[in-house]
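Number of protein chains: 2
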Amino acid sequence: MQDADYIIIGAGAAGLTTAYELKKQGSSVLVLEARERVGGRTWSGMLDGAEVDWGGEWIGSSQHRVYALVKELGLHTFPTYDTGLKVLELRGRTSTYRGTIPSMAPWKLLQIQLAIWIIDAWANRVDIATPWNHAQASEWDATTLDAVRRKFMWSADARATMDAAIRTIFGAESGELSMLHMLAYVKSAGSMNNLISTEGGFQHDRISGGAQSISLALMNSVGTENVLLGQPVTAIAQDESGVTVTCASGKTFRAGRVIVAVPVPLGDQISFTPPLPALRQQLMNRAPMGAAVKIFVRYERAFWRERGFSGEAASGDGPVSVTYDQCSEDGKTACLMAFVGGKFARTWHRRDPLERKKLILDRLASYFGSEAKQPVAYQEMDWCGEAWSGGAPIALFPTGTLSTHGPALREPIGRIHWAGSETARQCMGFIEGAIESGQRAAEEVLALG
Amino acid sequence: MQDADYIIIGAGAAGLTTAYELKKQGSSVLVLEARERVGGRTWSGMLDGAEVDWGGEWIGSSQHRVYALVKELGLHTFPTYDTGLKVLELRGRTSTYRGTIPSMAPWKLLQIQLAIWIIDAWANRVDIATPWNHAQASEWDATTLDAVRRKFMWSADARATMDAAIRTIFGAESGELSMLHMLAYVKSAGSMNNLISTEGGFQHDRISGGAQSISLALMNSVGTENVLLGQPVTAIAQDESGVTVTCASGKTFRAGRVIVAVPVPLGDQISFTPPLPALRQQLMNRAPMGAAVKIFVRYERAFWRERGFSGEAASGDGPVSVTYDQCSEDGKTACLMAFVGGKFARTWHRRDPLERKKLILDRLASYFGSEAKQPVAYQEMDWCGEAWSGGAPIALFPTGTLSTHGPALREPIGRIHWAGSETARQCMGFIEGAIESGQRAAEEVLALG
């Protein structure tokens, strides 16, 4: 009477990894996906003939699971373009630098380095799987990164540099971040340096054909007949012998266990019978998604490369927090990507589209030269308005959440299990984390027999 | 072709006030309610023959709208019992006092008073309707009440006293509260004193027959045939000529405009066509409900009154944050109410039921005497597990939310309007606020013709 041994909800990298691992072990699986595509927060497409990644795109450093999976699936990577000058914009002034150290007064650099040391040191103290168990967890979770950093970052330039990083990593302002979440995230990533670096960091490589290729290849391996698209799940009911999953289409499916692999807050749109324990229910209402808009601008030529720029710029001023070179692997199409994050992203859609385009092109021109004002194509991807993501890149845990609700993050509830990058212990929030969570969820249900 | 001029979603005090006001002005209304009862976060019931308010119950001070409505509906109020000694429990020790000033070292009292002065003074600076427009809004919204108070409250006893108040008012810890939300809330309430006081404050009066009587009377006035119970709304679609509202039952209803009068986060369970602007969509995911458990213990006699106690106790130690005398208006039934809020409430359901009961009775005994250990009846109401509230008493706005998403709180989106106590300018979060929001929403739609 079962449609599959396991039903997986969400066909992002987490859900499809779960299905892939379970299928490998001989189980039958059914993946239900709300969208008409797989990949979740990874989505590769075309801008006027150029391949672009509208969502998550990079992998790097210690992320061994994703490299292994990429290899296993017959995919390839190529290094992010990282040659030449980088640009830093702070309080209305732009400067250029090579390597990893911005051109800034030494005492300001020292403040930035000090902040990195402090955060890394504190992060090292928390347990990667259970940061909420640390003796100082309540204290760290009662304050924000902004409140903490004000104690030792007196330089407005140093704070602005951090703003650029935080908006890019979290899609949030430092005042939105619980210090405990910040520390847990850094611990999960290994170091601050992993989070912010291209060369040797998490932005080291891109996937040939785009990051969505991973999910597409996983789907093919799982069997397209086992992945149903356009089936938002509205209800999960569990009983003594299994679970019944109902879709908005009215279709119902039956399995022994269900793995929910959607971003934490989206779980709240599913009606559970019996109701979930309050700690889990409230968690799903206490984890808003970050805010991110990825903007791609296509040009005739990679004029910035010709001028000796890497295409990487960081700005503490906004609306852009970082830019990256996004030329195709073969170098035949030339693109820049501008990332708008945090408070600028939340209200981005309220600005006039022409004003938005002008703003972005002006910023790019001030970083890399006036040629930036003559694009061939311009396209925005506003993740805040995406119904089946609710924002990007990741779910945030506001103050008071992780210390109290953390234990509910991965805890199974009867026949319901949880995957998704936010539930990862390693590289939480990244494609690597999605894969780690999927492998963990598969192991978890298989261990129950 | 319309079922009504206006559809109102949610039959709490806010939604029913909207319907009541619109009906008075000659409009036809249809109220859709998910639960099988009206009242929302007010719910009056019986514990072994004694009338109790499982949810919101008090009104007082400057709350003129609710007093006027109570009168208009032919209802009555009676004063909260406030005679005799009060108890304060801090760090394992209990003390008693009369009036409003706890027996505590003067320098500790001064710290509490200083905190009240500072919060009141800052709160006075923010605009009651648009706190997010204040020059310091971003700064206040980037830190928590806990981080701010640590700068001037060195006494652990003073902080613990504040914890008892904050857990009761917000169902949250001070580390969960954005300072901007705190200030906006205090401004909306008029003063800290209104929030914490019985005599002359917001806990001054109770409603004869229970606070739900307001909603029941409003429903009768609107016409029970115009209030459909057990109809959770799953979708709202708007077009050029009106809105179509779909319920979980499959029933659809049509009206010119819709007023959504549910707690902010519950709006996220409705699917909107066209999709809501991202700022509004993300707001609904960034406003978790507080955590509150109301516990009623019935006794043969009001032994605490006989012993000279008011029945009011406050504890910074938890799990109880406050207790109140809850004897019936006629004094014939004797009850105490223990309020568990914030972190203690979030995990309350994970404790063993017998352990919970023992814990509560032990606390009551230590406050009012060993007779507390011999109750006639004991009943808990855990709002965290209530599907159609998601928590209580109010929705919280974590750091970074109100400063950015505040403007979306009341802003209509085409034919969709918003009510609910969280959208109130005056007495946000209280029954008074629910009524204010309903009156404002009714005016708003009527002004559009």
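Taken in sequence, the protein lines are chains V and S.
In this text, residue positions in the first sequence follow this note's numbering: the first is 5, and each later residue adds one.
In this text, residue positions in the second sequence follow this note's numbering: the first is 5, and each later residue adds one.
By construction, the Cβ of each residue, glycine as well, lies at the ideal position given by its N, Cα and C atoms.
Note that the structure is predicted; figures quoted are calculated from it, not measured.
Bridge partners for residue i per DSSP, in chain order?
i: methionine 385(V); result: Lys298(V)
i: phenylalanine 49(V); result: What sits at residue 49(V) in the sequence shown is glycine, not phenylalanine. Glycine 49(V) pairs with Val56(V).
i: aspartate 150(S); result: None, per the DSSP bridge assignment.
i: aspartate 329(S); result: Leu340(S)
i: aspartate 209(S); result: Ile63(S) and Pro83(S)
i: valine 1(S); result: Since the displayed chain S opens at 5 and closes at 453, residue 1(S) lies outside it and no answer follows.
i: methionine 293(V); result: Ala399(V)
i: serine 370(V); result: Its beta-bridge partners do not exist; DSSP assigns none.
i: tyrosine 303(V); result: Ala338(V)
Could you say which of the options lies nearest to residue i if we only look at CA atoms?
i: alanine 454(S); options: Gly214(S), Val268(S) and Glu390(S); result: Here chain S covers residues 5 to 453 and nothing more, so residue 454(S) does not appear.
i: isoleucine 12(S); options: Phe343(S), Thr250(S), Asp321(S) and Thr403(S); result: Thr250(S)
i: lysine 90(V); options: Gln443(V), Trp308(V) and Gly335(V); result: Trp308(V)
i: proline 323(V); options: Ile299(V), Gly312(V), Gly395(V) and Phe313(V); result: Ile299(V)
i: arginine 355(S); options: Leu283(V), Gln383(V), Asp334(V) and Ser219(V); result: Leu283(V)
i: serine 332(V); options: Trp387(V), Val262(V) and Tyr303(V); result: Tyr303(V)
i: glycine 88(V); options: Thr104(V), Glu76(V), His80(V) and Lys112(V); result: Thr104(V)
i: alanine 396(V); options: Gln330(V), Ala176(V) and Ser217(V); result: Ala176(V)
i: alanine 188(V); options: Leu400(V), Glu447(V), Phe343(V) and His421(V); result: Leu400(V)
i: alanine 381(V); options: Thr256(V), Met50(V) and Ser275(V); result: Met50(V)
i: glutamate 25(V); options: Thr248(V), Ala423(V), Thr277(V) and Lys362(V); result: Ala423(V)
i: arginine 311(V); options: Ala291(V), Ala376(V) and Phe343(V); result: Ala376(V)
i: serine 253(S); options: Val237(S), Ala265(S) and Val56(S); result: Val237(S)
i: arginine 210(V); options: His409(V), Pro379(V), Asp57(V) and Asp386(V); result: Asp57(V)
i: threonine 277(S); options: Thr248(S), Arg261(S) and Arg290(S); result: Thr248(S)
i: alanine 17(S); options: His68(S), Glu55(S), Ile274(S) and Leu73(S); result: Leu73(S)
i: serine 219(S); options: Ser393(S), Leu450(S), Leu452(S) and Ile439(S); result: Ile439(S)
Which chain V residues sit within Cβ distance under 9 Å of residue i?
i: leucine 283(S); result: Arg350, Thr351, His353, Arg354 and Cys388
i: glutamine 273(S); result: Asp272, Gln273 and Ser275
Can you find the residues in the same chain that come closer than 6 Å, C-beta to C-beta, to residue i, ignoring five residues on each side of it along the sequence?
i: glycine 320(V); result: Leu94, Ala164, Thr165, Asp167 and Ala168
i: serine 107(V); result: Ser99 and Tyr101
i: leucine 149(V); result: Ser178, Leu181, Met183 and Met186
i: histidine 138(S); result: Val130
i: alanine 23(V); result: Ile12, Val33, Val35 and Val226
i: glutamate 426(V); result: Val268 and Ala399
i: leucine 77(V); result: Ala221
i: isoleucine 120(S); result: Met196
i: alanine 445(S); result: Thr22, Ile263, His421 and Ala423
So with CB distances below 8 Å, who are the chain V contacts of residue i?
i: glutamine 242(S); result: Within 8 Å Cβ-Cβ: nothing; glutamine 242(S) doesn't reach chain V, min ~16 Å.
i: methionine 293(S); result: Gln286 and Asn289
i: glycine 394(S); result: Gln285, Gln286 and Asn289
Taking C-beta pairs closer than 7 Å, name the residues in chain V that residue i reaches, listed in chain order.
i: proline 269(S); result: Asn289
For residue i, return the contacting residues in chain S, with the cut-off set at a CB-CB distance below 7 Å.
i: threonine 100(V); result: Residues of chain S passing the Cβ test: none, with the nearest at roughly 30 Å.
i: threonine 403(V); result: Thr148, Gly179, Glu180, Pro402 and Thr403
i: alanine 391(V); result: Pro279
Note down, in chain order, every chain S residue with its Cβ under 8 Å from the Cβ of residue i.
i: aspartate 145(V); result: Gly179
i: alanine 176(V); result: Gly404
Going by beta carbon distance, what residues of the same chain come within less than 7 Å of residue i, once the five residues before and after it are set aside?
i: valine 231(S); result: Ala15, Val35, Glu37, Val42 and Met223
i: serine 417(S); result: The identity of residue 417(S) in the sequence shown is isoleucine, whereas the question assumes serine. Closer than 7 Å at the Cβ level, and outside the excluded window around isoleucine 417(S), lie Leu280, Pro281 and Arg284.
i: alanine 412(V); result: Leu283, Arg284 and Leu287
Looking only at its own chain, which residues have a Cβ that is under 8 Å from the Cβ of residue i, when we skip the five neighbours before and after it?
i: alanine 306(V); result: Gly315, Asp329, Cys331, Gly335 and Ala338
i: leucine 233(S); result: Ala15, Glu37, Arg39, Glu40, Arg41 and Val42
i: isoleucine 122(V); result: Phe156
i: valine 190(S); result: Ile123, Asp124, Ala127, Met196 and Leu199
Residues from the segment 341 to 357 of chain S in contact with chain V, defined by Cβ distance under 7 Å: The residues in question are Lys347, Arg350, Thr351, His353 and Arg354.
Near-chain V residues of the segment 149 to 169 of chain S - C-beta to any C-beta below 7 Å: From the segment 149 to 169 of chain S, only Asp150 and Ala151 have a Cβ closer than 7 Å to chain V.
Interface residues of the segment 408 to 432 of chain V facing chain S [CB-CB below 8 Å]: Residues passing the 8 Å Cβ filter: Thr408 and His409.
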